[in-house]
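Read in order, the letters of the sequence shown correspond to residues 90 to 267 in our numbering.
Have a look at the structure below, then the notes.
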Amino acid sequence: MLAEFYKTLDSPEELGANILIPDHGPALYLSERGALFCYMGIISREGNGTSVDGWPYYLRGKLAEKSKKLIKGFYRLQAGCILMTNFLDHEFYSKTKFKRVKNYIVSLPVASSCDYGIVRRINSEHSSYFEENEAMSRACFGLTYGELKQAVEIYARRLGVFNEYIQYPRITRSMKKR
């Protein structure tokens, strides 16, 4: 499914070996085979050790392979797991073609909403709204928020704890940075 989406992207095609650390994160890249790479942050060798939702200014525009003295790896979301991996210029991915997925946002749970997913902002003449790309959401998070909500509701009904006034599932994340 994502391999077909790759063909529709208007981003330039690049070999993994030539892709530089972007200016900001999260960064979404799609391989020609349909594998989604969602980089959320970096693990550095100095200071507090992590940088989530981006990376330090001194790494922007550089090859990750040439920055090994400064970083241990990258945080990547894949199938609902947070992985510590290498960047696209690593030898495993260096010969693969990628396109940067632009105009899409990684939406994470916040205090007022438990929704998550990979969404695109759609602007109309008088308003704007977000539309989820379910295939990309599944590739990153393992399942969409709607699918998780449906599964949790089935369990809640079966266990006799379902209530129309309580939002299921209640997903939170810490906003505290260490």
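Just so you know, even glycine gets a beta-carbon here, dropped at the ideal spot from N, CA and C.
{"Asked": "Residue ranges of each beta strand (DSSP E) within the segment 162 to 194, 3 or longer", "Found": "170 to 174 and 186 to 189"}
{"Asked": "Distance between beta carbons of residue 205 and residue 176, contact taken as under 8 Å", "Found": "Residue 176 to residue 205, Cβ: 23 Å. No contact."}
{"Asked": "Endpoints, the alpha helix (DSSP H) within which residue 225 is located", "Found": "223 to 230"}
{"Asked": "Separation of residue 228 from residue 98, as counted between CA atoms", "Found": "17 Å"}
{"Asked": "Nearest-angstrom Cβ-Cβ length linking residue 125 and residue 225, presumed shorter than 8 Å", "Found": "6 Å"}
{"Asked": "Local Cβ density within 10 Å of residue 148, reported as buried at 16 or more and exposed below that", "Found": "buried"}
{"Asked": "Straight-line Cα distance separating residue 121 from residue 253", "Found": "44 Å"}
{"Asked": "Reference residue 129; option with closest CA among 223, 194, 236 and 212", "Found": "194"}
{"Asked": "Short Cβ contact (9 Å threshold) for residue 90 with residue 143", "Found": "no"}
{"Asked": "Extent of the continuous alpha helix (DSSP H) to which residue 241 belongs", "Found": "234 to 248"}
{"Asked": "Straight-line Cα distance separating residue 217 from residue 154", "Found": "39 Å"}
{"Asked": "Residue 252, DSSP secondary structure in three states", "Found": "coil"}
{"Asked": "Beta-carbon proximity check, residue 117 vs residue 189, cutoff 9 Å", "Found": "yes"}
{"Asked": "Same chain, Cβ closer than 8 Å to residue 233, five either side skipped, listed in chain order", "Found": "206, 221, 223, 226 and 227"}
{"Asked": "Cα-Cα separation between residue 196 and residue 150, rounded to whole angstroms", "Found": "24 Å"}
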